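Quick notes on the structure that follows.
Residue numbers (the numbering used here), protein chains in the order written: chain V, 29 to 461; chain P, 838 to 1143.
Set out below in structure tokens:
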């Protein structure tokens, strides 16, 4: 089936492509031509008018929790992928804190199988240690063969330095990064950022130094072993500074930040609303300023959602006892555009790098190519669309977002990948006649 | 005479006028407590639930007595542990209780913020009887009332709160209330038990107990929790008693007639020596009596508001 995407701007920062108002002809989901099309070429072809919209390489979210296997009441691979597509992502990496953990080839294959017919590519991040217990490293070779792209004991940092060292050394055989949730467990007995607000609210605090200590440890171990460390959801000023110094020294370190960590401060917790509870916790304006500086100067490579679905009944509890995390697929692009593009912190090219190119590079995945014959893998964004977040319209099974009713500027309006297109709430098969 | 809120969740943000109103109202109830017949019909027909998710003897009895003195119908609901471990969600429990048509809920809970959450899911007047390490407003009000009765004022007084400040809801409520009333507040205790940002609340920090005695008109001594978790914050009870415990010798040495409060229950020989606990500086049982009057005042002011 042929379709044409008309009058769209095209930006591909990695291929230095920047075109205005061109047409993109697709044939069975492959790129046929990008540029001026003749009357003949579009004769009888289904048209989509994307005037004023921007076509970019498919966005990629490298930190998501799809909850399958184990908590299918909160999310499944399918509903998670639907949510990701609605948010503008054509690929996601899913974290291993499932039940059981992703620590065998069978589970990696199971997850890939669940996603096999979906528009969204799913790449499992496997556990770094068996059962994420931090005792024995996982069967990394088998896991990589099955399709795992990185290793993490997500939810917690790898427990001790000795296991961390082995994980780095072993994963390095496959050039796979270790993704760390940086938090010193012995300091982590809290419910929100430690500071004046935790004192005022009477809530136990999670000190920023708990993150900084593990970031330091991991950077030092990455340097010593030559391994690759990727810092998940960075949240503190000191961690950003440590990372910047490490990069200067040539240590193989990368990092991601979530939209909530550059949008909200711990002032938001004053309502004791459990959808403001996540780990790492919301920090201070000083941390946000450092994070935005880190995004601008390249210290922070990616923006990732940390999409973490939780059931309503679990979140509807006392703040201290509520689980950590919020859903993020469907608000990440809107928040990134609103907080970074429209506040002149990052350019559209920089944003596309952090939302599409860099995460794929970190995970050794191919970057979508904009050339004839390549599989069409792209996202179409409307950077100026003003819209209101409505959790009841989320494709995700869970609705635990602190951003309900928030006005955002900028949204992904369509995605194309694997011979499928998702646009205006319709799944369109591009392969058929 | 009315308060500007229909709940009492804490003293943070409560105006001087409201605190004044509560203290003055408590004074009239205090007089009733000295009568042979200690009961008034003020809250007749009102139903009050004492919802205690954390074990408490004195606060619960004090509230219950205050409710009975005001002729309200009272129900005690005590559960230990969180709603999570209980099977039924907290929200469902509240909805069930409220379906029985209650007017006011007095709540004690191990999780900070629970009283605020209650205001969102319930139509009753909510009174916080202690939420986690957040606030315990009626305790602070009865402390303030007791001080005002003994020393004639709060404005300009120097008051030091001694002990585990970081894990105390009594400390936080006292700080908010006393600062609003114009007192100069300091805290004293082992540095591991003082919140890092306490100075941002306009509170001075003293690490030397002798200095605290010398410089203040009032010491409000907090109970040191003796269970294991709290013990991690100081090396030994012996060391705590030696460096932060109030003894008669210490009071005499510093030559000052400082007023001593304690919310109870006392650990004799730890934060207070027995001599001090029974001595002439302390007003511990006086506080307990005033506690009933303060709670009557709060229940009356909130219960007759709407």
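C-beta: ideal position from N, C-alpha, C; glycine also.
A quick note: this is a predicted structure, and the numbers were derived from the prediction, not measured.
Item to check | Coarse secondary structure for residue 968/P, derived from DSSP in three states | outcome: Looking up residue 968/P in the second chain gives position 131. In the three-state DSSP reduction, residue 968/P falls in the strand class (E or B).
Checklist entry - residue 1077/P by DSSP, collapsed to three states: which one? => result For this step, residue 1077/P is matched to residue 240 along the second chain. Helix, per DSSP.
Next on the checklist: Let's see if you can read the secondary structure: which residues bound the beta strand (DSSP E) around residue 154/V?
Outcome noted: Taking the first residue of the first chain as position 1, residue 154/V is located at position 126. In the DSSP annotation of this structure, the continuous segment of the beta strand (DSSP E) that includes residue 154/V starts and ends at 149 to 154.
Next on the checklist: At the level of alpha carbons, what is the spacing between residue 119/V and residue 976/P?
Outcome noted: To locate residue 119/V, count along the first chain from 1; it is residue 91. To locate residue 976/P, count along the second chain from 1; it is residue 139. Across the structure, residue 119/V and residue 976/P are spaced so that their CA atoms are roughly 56 Å apart.
Item to check | Nearest residue (CA-CA) to residue 968/P, options 841/P, 1130/P, 1007/P and 1074/P | outcome: Your numbering for residue 968/P matches position 131 in the second chain. Looking at 841/P, 1130/P, 1007/P and 1074/P, the one whose alpha-carbon comes closest to that of residue 968/P is 1007/P.
Checklist entry - Can you tell me the Cα-Cα spacing of residue 1048/P and residue 1072/P, whole angstroms? => result Within the second chain, numbered from 1, the residue matching residue 1048/P stands at position 211. Within the second chain, numbered from 1, the residue matching residue 1072/P stands at position 235. One C-alpha to the other measures close to 22 Å.
Item to check | Beta-carbon proximity check, residue 472/V vs residue 294/V, cutoff 8 Å | outcome: This structure cannot settle anything about residue 472/V, because the visible part of chain V is limited to 29 through 461.
Checklist entry - Is the shortest distance between the beta-carbon of residue 980/P and the beta-carbons of chain V less than 8 Å? => result Translated into positions along the second chain, residue 980/P becomes position 143. When Cβ-Cβ separations below 8 Å define contact, residue 980/P makes no contact with chain V.
Checklist entry - Is it true that the CB of residue 60/V sits closer than 8 Å to the CB of residue 33/V? => result On the first chain, position 5 is the one that residue 33/V refers to. On the first chain, position 32 is the one that residue 60/V refers to. No; because the gap between Cβ atoms is not below 8 Å, this pair is not in contact.
Checklist entry - What's the call for residue 1100/P, buried or exposed, on a 16-neighbour Cβ count within 10 Å? => result The count along the second chain starts at 1 and reaches residue 1100/P at position 263. Residue 1100/P should be labelled buried.
Item to check | residue 313/V: contacting residues in chain P (beta-carbon distance under 9 Å) | outcome: Counting from 1 along the first chain, the entry for residue 313/V is found at position 285. Result: empty, since nearest Cβ-Cβ is about 15 Å, beyond 9 Å.
Next on the checklist: Would residue 1096/P and residue 991/P be called neighbours here (beta carbons separated by less than 8 Å)?
Outcome noted: Position 259 of the second chain, counting from 1, holds the residue named residue 1096/P. Position 154 of the second chain, counting from 1, holds the residue named residue 991/P. No.
Next on the checklist: Let's test the definition: count the other Cβ atoms within 10 Å of the Cβ of residue 1119/P and tell me whether it reaches 16, buried, or not, exposed.
Outcome noted: Within the second chain, numbered from 1, the residue matching residue 1119/P stands at position 282. Answer is buried; the Cβ neighbour count reaches 16.
Checklist entry - Rounded to a whole number of angstroms, what is the C-alpha to C-alpha distance between residue 1086/P and residue 1012/P? => result Mapped onto the second chain, residue 1086/P falls at position 249. Mapped onto the second chain, residue 1012/P falls at position 175. Distance between the alpha carbons of residue 1086/P and residue 1012/P: 28 Å.
Checklist entry - First and last residue of the alpha helix (DSSP H) that includes residue 1011/P? => result Here residue 1011/P corresponds to residue number 174 of the second chain, with the count starting at 1. Judged by DSSP secondary structure, residue 1011/P falls within the alpha helix (DSSP H) whose first and last residues are 1006 to 1017.
Checklist entry - Do the region 313 to 320 of chain V and the region 96 to 109 of chain V make contact, defined as three or more Cβ pairs closer than 8 Å? => result Short answer: they don't touch.
Checklist entry - Within 10 angstroms of its Cβ, does residue 414/V collect 16 or more other Cβ (buried), or is it exposed? => result Here residue 414/V corresponds to residue number 386 of the first chain, with the count starting at 1. Residue 414/V comes out exposed.
Checklist entry - How should residue 840/P be labelled, buried or exposed, when 16 other C-beta atoms within 10 angstroms of its C-beta is the threshold for buried? => result Residue numbering aside, residue 840/P sits at position 3 when the second chain is read from its first letter. With 16 or more other Cβ atoms from the protein chains shown falling within 10 Å of its own Cβ, residue 840/P counts as buried.
Next on the checklist: Along the region 1012 to 1044 of chain P, where does the CB come closer than 8 Å to a CB of chain V? Name the residues.
Outcome noted: Correct list: 1032, 1033, 1034, 1035, 1037 and 1038.
Item to check | Simplified DSSP assignment, three categories, for residue 295/V | outcome: Here the question's residue 295/V lines up with position 267 in the first chain. Helix at residue 295/V.
Next on the checklist: I'd like the ranges of any beta strand (DSSP E) spanning at least 3 consecutive residues and lying wholly in the region 194 to 241 of chain V.
Outcome noted: Complete beta strand (DSSP E) runs here, min 3: 206 to 208.
Item to check | Identified DSSP bridge partners for residue 1041/P | outcome: The count along the second chain starts at 1 and reaches residue 1041/P at position 204. DSSP, once it has assigned bridges, lists 1023/P as partnering residue 1041/P.
Next on the checklist: Among the candidates 96/V, 381/V, 71/V and 117/V, whose CA atom is the shortest distance from the CA of residue 358/V?
Outcome noted: What you label residue 358/V is simply residue 330 of the first chain in a count that begins at 1. When only C-alpha atoms are compared, the closest one is 117/V.
Checklist entry - Which term fits residue 3/V, buried or exposed, when burial requires 16 or more other beta carbons within 10 angstroms of its beta carbon? => result The structure shown has nothing for residue 3/V, since chain V only spans 29 to 461.
Next on the checklist: Rounding to the nearest angstrom, what Cα-Cα distance links residue 899/P and residue 1129/P in this structure?
Outcome noted: In the second chain, the residue the question calls residue 899/P occupies position 62. In the second chain, the residue the question calls residue 1129/P occupies position 292. Here the alpha carbon of residue 899/P sits roughly 5 Å from the alpha carbon of residue 1129/P.
Checklist entry - With respect to the beta strand (DSSP E) encompassing residue 974/P, which residues constitute its N-terminal and C-terminal limits? => result Against the second chain, residue 974/P aligns to sequence position 137. Element bounds for residue 974/P: not the beta strand (DSSP E) but the alpha helix (DSSP H), 974 to 988.
Checklist entry - Given a threshold of 16 other Cβ atoms within 10 Å of its Cβ, counted over all protein chains shown, does residue 854/P qualify as buried or as exposed? => result The residue labelled residue 854/P in the question sits at position 17 within the second chain. Burial call: exposed.
Item to check | Three-state secondary structure assigned by DSSP to residue 46/V | outcome: Working through the first chain from its first residue, we reach residue 46/V at position 18. Reduced to three states, the DSSP call for residue 46/V is strand.
Item to check | Alpha-carbon spacing of residue 919/P relative to residue 889/P, whole angstroms | outcome: The residue labelled residue 919/P in the question sits at position 82 within the second chain. The residue labelled residue 889/P in the question sits at position 52 within the second chain. Legend: pLDDT at residue 919/P = 48, less than 50; position of this residue unreliable, value from coordinates given subsequently. A direct Cα-to-Cα measurement between residue 919/P and residue 889/P gives close to 11 Å.
Next on the checklist: Considering just the uninterrupted stretch of the beta strand (DSSP E) at residue 1059/P, what are its terminal residues?
Outcome noted: Reading the second chain from its first residue, position 222 is the one you call residue 1059/P. That residue, residue 1059/P, is in no beta strand (DSSP E); it is neither H nor E in DSSP.
Checklist entry - Can you tell me where the beta strand (DSSP E) with residue 409/V in it begins and where it stops? => result Residue mapping note: residue 409/V aligns to position 381 of the first chain, counting from 1. 406 to 416 is the extent of the beta strand (DSSP E) around residue 409/V.
Checklist entry - When you compare only the Cα positions, how much space is there between residue 84/V and residue 114/V? => result Position 56 of the first chain, counted from the first residue, corresponds to residue 84/V. Position 86 of the first chain, counted from the first residue, corresponds to residue 114/V. If I take the Cα positions, the gap works out to 16 Å.
Checklist entry - Which two residues bound the contiguous beta strand (DSSP E) that contains residue 118/V? => result For the purposes of this step, residue 118/V is taken as residue 90 along the first chain, with counting starting at 1. Counting along the chain, the beta strand (DSSP E) containing residue 118/V begins and ends at 117 to 122.
Item to check | residue 1165/P, DSSP secondary structure in three states | outcome: Residue 1165/P lies beyond the stretch modelled for chain P, which goes from 838 to 1143, so this question has no answer here.
Item to check | Interface residues of chain V facing residue 895/P [CB-CB closer than 7 Å] | outcome: The count along the second chain starts at 1 and reaches residue 895/P at position 58. Those within 7 Å of residue 895/P in chain V number zero; the least Cβ separation is about 20 Å.
Checklist entry - Mind checking residue 252/V: buried by the 16 CB within 10 Å criterion, or exposed? => result Counted from its first residue, the first chain places residue 252/V at position 224. Residue 252/V is classed as exposed because its beta carbon has fewer than 16 other beta carbons within 10 Å across all chains shown.
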